[in-house]
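Following: one structure in structure tokens, then a few remarks.
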Amino acid sequence: MVVTDDQPTPTDGDDPREETSGGDSPDSAATESDDLSSRYGSDGPRLSPALIATLVTIPVLVIAGFIAFAALRPDPTTPVESYAASESASADCAKLIAALPTSFDGFGDKQVTGSTVKWPSDGDGEPVVLRCGISRPTELSPTSNLQVINPVQWFITDTVEGAGQAYVCVDHRPYVAMWIPVNAGNGPITDVSAVIATTLPRAPLDFG
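According to the working numbering, the stretch in the sequence shown is residues 494 to 701, in order.
Written out as structure tokens, the structure is:
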């Protein structure tokens, strides 16, 4: 008995293991790649020279602006430097300034500009500042709280939180103002009080 196999015999070129993959054909992918290359070049999209120049210029302008701001910013001042000066300058100010201490602990040598004296901080803090010959503090009144230091009477005119206090000597003439930064302690105003007591004439309190 002869058994006949009904399964078709593969013909040449037909491989039963061969599968047809879906998606774009190789020819269409190559065509799309050719289109991108012709549009953008072989390296892909490129920025225009004008855009590159703009991207470079913007940070340069920002840096230049910060430098200009730092250069033009006024030097920081203390409250006593804005106080009005007395109409008549007194020769006693020169006498006082000459007798002031050269330096304080933590501060450099005194720097004199007219009737203003500064002792710069040895660190990053603010200087001790003295001004001689300012006008009478308008806030001074019979109820004002005065500080007696060695044995000069001082009136606190300004307090800047975290920075310091401004004082005006009110029982000697001419009026003398001091700025005491928070890191200075009591040494500077104590020493200056002793100099005021021996160089400037005593005067009654003037409440206006």
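No residue lacks a Cβ here, since even glycine has one placed at the ideal position from N, Cα and C.
Neighbourhood of residue i by C-beta, 6 Å cutoff - its chain only, sequence neighbours within 5 removed
i, result
"D684", "P594"
"N676", "G618"
Same chain, Cβ closer than 8 Å to residue i, five either side skipped, listed in chain order
i, result
"I627", "V573, Y576, A577, A578, S579, V661, P667, Y668, V669, A670"
"T636", "none"
Where the beta strand (DSSP E) through residue i begins and ends
i, result
"G657", "657-662"
Residues bridged to residue i [DSSP beta-bridge criterion]
i, result
"R624", "T609, A670"
"D651", "A659"
"F600", "S614"
"R695", "H665"
"V645", "I642"
Where the alpha helix (DSSP H) containing residue i begins and where it ends
i, result
"V685", "680-692"
Three-state secondary structure assigned by DSSP to residue i
i, result
"S614", "strand"
"A564", "A caution first: A564 carries a pLDDT of 41, below 50, which makes its placement in the model unreliable, though a value can still be read off. Here A564 sits in helix by DSSP."
"L639", "strand"
"A591", "helix"
"V573", "helix"
"A721", "Residue 721 is absent from the structure shown; the chain starts at 494 and stops at 701."
"P542", "helix"
"T631", "coil"
"G701", "coil"
"A677", "coil"
"G515", "With a pLDDT of only 48 at G515, under the threshold of 50, the placement of this residue in the model should not be trusted; the figure read from the coordinates follows. G515: coil per DSSP, three-state reduction."
Nearest-angstrom Cβ-Cβ length linking residue i and residue j, presumed shorter than 8 Å
i, j, result
"P630", "T609", "Incorrect: roughly 17 Å between the Cβ atoms, too far for contact."
"V621", "P681", "5 Å"
"T692", "A592", "5 Å"
"G657", "I673", "5 Å"
"S634", "F700", "6 Å"
"V663", "Q640", "The pair is not a contact, with the Cβ atoms about 10 Å apart (cut-off 8 Å)."
Below-9 Å beta-carbon distance, residue i vs any chain D residue
i, result
"I627", "Absent from the structure: chain D. Only one protein chain is present."
Beta-carbon proximity list for residue i, same chain, < 7 Å, skipping 5 on both sides
i, result
"T652", "Q658"
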